[in-house]
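To convert, note that position 197 of the sequence shown is 197 in full-length UniProt numbering; the numbers rise steadily by one, no gaps.
For every residue, glycine included, the Cβ atom is placed at its ideal position computed from N, Cα and C.
Remember, it's a predicted structure, so these values are computed and weren't measured experimentally.
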Amino acid sequence: MDVLTTLKSHLELFKKVNPLDCAAIITDEKGTVLEYVSGKEFDVNVTVNSKVAKSGAVAKCLDTGKDVHLNLPNEVYGMPIRVIAIPIFDNNKLIGAISTCTTLAAQETLQKASQNIAATSEEITATTEEVSSSAVLLSDNLVDLKDKIEDVVNEIKGTDNILSFINGIASNTNLLGLNAAIEAARAGEHGKGFSIVAKEIRKMSDDSAKSVKVIKEILNRIHEKSSIMLEVINETSSIGGQQSIATKEIALAIQELTSSAMNLEEISKII
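Written out as structure tokens, the structure is:
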């Protein structure tokens, strides 16, 4: 049994070895089709004893005696096809060719999917980088705001001594006013004018003491609110830092996804 006859009898088996859906053709050295097996999902409309196209891969293979790989667009057979034609030699003499026609529909789908994944990954990466940058900026601003509020709290604490000093003056003034009133009473008619002054001094002292008390209450409330704000800022700053770390981790994961998508695209070109 010669080589071509052997190949003809095993062409169906040869086609089954190919993991992808394909059609297989065997021709003699003149390009006459000796055997043809169609694919499961497609047919390249070849019949036994017909001639292969002069501009096709098989004709080129027979002309050059070399392997030929050719990709055909959708327009030829309604779907993208890869044709591989291999010359057959017997004792160094070209006696024919065997070729396979494999659909590239799955490859095209895989390639488009990988490109879409890569494009989407790039968009998400850009977004996460922007979010991460915003989180860092927010964290920095919160730290700056925290420092300023702490300065305010320290300034408020610094007023305690001043208020205590004013309160002390008010107490001493009240005592002086009381003593002045006593002395005015002892002076009788001669101390009436001094009595009025003493009364005003005591009133001013009382008003000062009351004002100090009100101011201290206001400052205490500001201090309490500032402390609450500091707690919120610390918590928010911590969340911002965690968000920044998380977005960076997401960006790294997406970069790996993009790399995988690129690998898929390369694989799709090989299939």
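Residue i to residue j span [Cα, whole Å]
i      : j      : result
GLU75  : GLN111 : 19 Å
GLU155 : LEU230 : 15 Å
ASN234 : LYS157 : 21 Å
GLY168 : HIS223 : 23 Å
SER114 : GLU256 : 13 Å
SER208 : ASN220 : 18 Å
GLU129 : ILE250 : 9 Å
GLU150 : VAL131 : 28 Å
GLY56  : LYS66  : 14 Å
LEU62  : GLU123 : 49 Å
THR47  : ASN92  : 28 Å
SER134 : LYS146 : 18 Å
ASP206 : ILE245 : 58 Å
LYS148 : THR125 : 35 Å
THR109 : ALA24  : 23 Å
ILE166 : VAL214 : 13 Å
ASN116 : ASN18  : 28 Å
GLY39  : THR127 : 46 Å
ASP21  : LEU70  : 17 Å
ASP144 : GLU217 : 27 Å
LEU164 : ILE228 : Sequence inspection shows Ser at residue 164; the Leu mentioned does not correspond to that position. So the two alpha carbons sit approximately 25 Å from each other.
Integer Cβ distance of residue i from residue j, believed to fall under 8 Å
i      : j      : result
GLY96  : LEU4   : 5 Å
GLU41  : THR103 : 7 Å
VAL152 : SER226 : 6 Å
VAL37  : LYS8   : Not quite, the Cβ-Cβ distance comes to about 10 Å (not below 8 Å), so this is no contact.
Cutoff 7 Å; reference residue i; Cβ partners in own chain excluding five residues on either side
i      : result
MET1   : Note on MET1: pLDDT 45, under 50, position unreliable in the model; no value is reported.
ALA53  : ALA59
THR27  : VAL33, LEU34, VAL52, VAL58, GLY96, ALA97
ALA253 : none
THR159 : LEU219
TYR77  : PHE42, VAL44
LYS248 : SER132
GLU29  : LEU62, LEU94, ILE95, GLY96
GLY31  : LYS51, VAL52, VAL58, ALA59, LEU62
Close beta carbons around residue i, own chain, < 6 Å, minus the five adjacent residues each side
i      : result
THR258 : ALA118, SER121
GLU60  : One detail in the question is off: residue 60 reads as Lys in this sequence, not Glu. So the list reads VAL68, once near-sequence residues are dropped.
ALA85  : ALA57, VAL58, CYS61, VAL68, ALA97, SER99
ALA105 : MET79
Beta-carbon proximity list for residue i, same chain, < 8 Å, skipping 5 on both sides
i     : result
PRO73 : PRO80
THR6  : none
LEU13 : none
Beta-bridge partners of residue i, as assigned by DSSP
i     : result
THR27 : VAL33, ALA97
Residue i: CB within 7 Å of a non-hydrogen atom of the ligand SAM
i     : result
VAL48 : Absent from the structure shown: the ligand SAM. Ligands present: none.
Just list the beta strand (DSSP E) runs in the segment 46-118, keeping only unbroken ones of 3 residues or longer that don't cross its boundaries, in chain order. DSSP runs (the beta strand (DSSP E)) wholly in the segment 46-118: 68-72, 81-90, 93-103.
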